[in-house]
Every structure is written in C-alpha cells, then in structure tokens.
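Using this note's numbering, the final residue of the sequence shown is 274, and nothing's skipped along the way. The structure appears below as structure tokens.
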Amino acid sequence: NDATAYIKGLAELRGRNVDWAIKAVREAASLNAKDAAAQNVIDFVASDMSDLFAQADGRAVEVNGETRTVQTKGAMVTRVSPDWVTGLLMAITNPNVAFLLMTIGFYGLFFELSNPGAIVPGSFGAISLILGLYALSVLPVNMAGAALILLGLVLMIAEVFAPSFGALGVGGLAAFGLGATMLMDTEAPGFTLSWSVIISTTALTGLFILGILTFALNAQRREVTTGTAHMLHLHGIVESWDGDTGWVLVQGERWKAASATPLTPGQKVRIVNQEGLTLHVEAV
C-alpha cells in the first residue's frame, strides 16, 4: 500500500499514466519501450545518443520547484570509465563469481577445521566467504536456493563422517545442484548462474566427496599397525623361559610372556592374547 501510494503520487506529479503505475506495483505489470511511450509511461524512445539529445533539447522540466528548459543541442559527451575499485566490485558481484566464492570459502573452512593449524585454507576460505556474502547481499538471492545449497554441503560433509553408502552424498549433490539453479531470484540477463558453472561446480564437488570416501574406505581396509589388534597372531622367539612365564622377542622388542605349555629358548611362538604388558603365547 505504501509503495502504491508513493508511485501514484509520482505519476500524478509528473503527469504520467496513474493506472499503469498502480498496476506496476500491484500486479508487477511491464511494458516494452514502444507501448510505454504510447501509454504515457515514458517521454519518448531514442535510437541512439544523438537521437536522445535531439528529442530532449527544448523540453521543459521541473527541478526543485522551478521550470527549466533542457539544452542538449551540440552537447559534448564525456565517457568516464570506472576505477579499479568499482571494476573489482563489479567482478565480485557477478552471480557466477559470487557462487564460486561461496563454494570455495566453505571448502576452505572445511579443510581448516579438518586440519587445524593449516592456516592457508582457513585464511583463503574466510576471505572468499566474506567476499561471497558481500556479493550475495547486493544480488537478488532466492533464500530457498541458498538454503538448498547449504543443506547439500551439510549432507555431503555428513557422508564423509557418517558413511551411509552414498545416500547422504547423492542427496547432498542433488540439493546442491537444485539450490544453484534456484539461487538467483530473477530471470533478468546478467543475474542468472551459468549452466556450465552449475554443472562443473556440482561435478567437482561430487568428485571431491567421492575422493574422500575412497580414502576413508581404503583406510578402513588397511591392516591394523598399532595396539592389541596389531599384536595378535604375530610371531616371536623365546629368549628365556621358566615354568609358565618368560621373555620373548617380537619385532625386535623384549616382552614378558606367559604360556599354558612349557617353552624353550629359541622356540618360535605365536601371540594369542595381550593383557597389559604381558603377552599370552603358544608354540607354533
């Protein structure tokens, strides 16, 4: 209602089409240039800069309550290029760049939390994330798309720490791809994500998760090299023996040992159990 009252006041002040102005707010109505000129929404349509100056010259406009005449005949055109700061901000606020910055930032922080003290991934990730958040703050972002991207990343990370045989990973990839497709809340040119960026980022993310899962599965299948589980079934040599206890050499280390049957020095034995620093062995 407030926007309707505001634009109605502007239309009445400038002598514009009040009915269409209200529809523009209430119904999101739009017109092409030719129809806008025909319905008194705009003054005129110019084909180029020279035509613009020619049609604008001599028109009366009201500025701060005073009527002034526009004089554009023979006006000189001076083009001002953006400085490097503006150019940098324009690059950052490109939807594709903003999306990539957010993704890179998230994974940078993920690597830093997984490997505390690495510093470089965390620093680079934090900078990328802040730049990405700045870009999204000035872009027409669809919150549902942003939520899907976040959900997808969380599900894929959950797959790494709580393997679900691919269920969480596939669901995360689907949510990530759908969120990227819906991220921009407009179809205006320049404000949509490139399909090549969406597909390549989703594919690379999937390969990243697949690589981590592969390393995790290989680590689970690797033979145990420490602890009691490693000691069981190793072979050793009896160094000295007295009754049911003695000393054995296992992989160059001297261990106290016990056995249910008598053993002799130099005899080969196999470890069947471990209690603290005592090995239970049997003759091979």
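Glycine included, C-beta positions come from ideal geometry on N, C-alpha and C. This one's a predicted model, so the numbers in the text were calculated from it and none came from an experiment.
As the crow flies, the alpha-carbon of Ser184 is around 48 Å from that of Thr57.
Under DSSP, Asn263 takes part in a beta bridge, and its partners are His270. The alpha-carbon separation between Ser186 and Glu17 amounts to approximately 34 Å. Bounds of the beta strand (DSSP E) holding Leu239 are 235 to 240.
The region 52 to 133 is shown to contain whole alpha helix (DSSP H) runs of 4 or more residues at 74 to 82, 85 to 104, 110 to 127, in chain order. Around the C-beta of Leu163, 16 or more other C-beta atoms lie within 10 Å, and the residue is accordingly described as buried. A residue is called buried when at least 16 other Cβ atoms come within 10 angstroms of its Cβ; Leu3 does not meet this threshold and is exposed. The closest CA to that of Phe114, considering only Gly226, Ile94, Ile261, Asn30, is found on Ile94. For Arg6, no beta strand (DSSP E) encloses it, and the DSSP letter there is neither H nor E. Here Ser20 is not bridged, per DSSP, to any residue. In the three-state scheme derived from DSSP, where H, G and I count as helix and E and B as strand, Val228 is classed as strand. Comparing alpha carbon positions, the residue from Leu267, Asp(-8), Ala116, Ser127 closest to Asp175 is Ser127. Here DSSP, grouped into helix, strand and coil, assigns Ala50 to strand. Between the alpha carbons of Pro85 and Ile139 lies a gap of roughly 14 Å. Excluding sequence positions up to five before and after Gly122, its CB lies within less than 7 Å of the CB of Ala88, Leu91, Met92, Gly95, all in the same chain and listed in chain order.
Your pair Phe166 and Thr192 checks out as a contact, with CB atoms roughly 6 Å apart and the cut at 8 Å. A residue is called buried once 16 or more other Cβ atoms fall within 10 Å of its Cβ, and Tyr97 is buried on that count. Here Ala(-5) carries a helix assignment [DSSP, helix/strand/coil]. The Cβ atoms of Gly226 and Leu267 lie no closer than 9 Å to each other.
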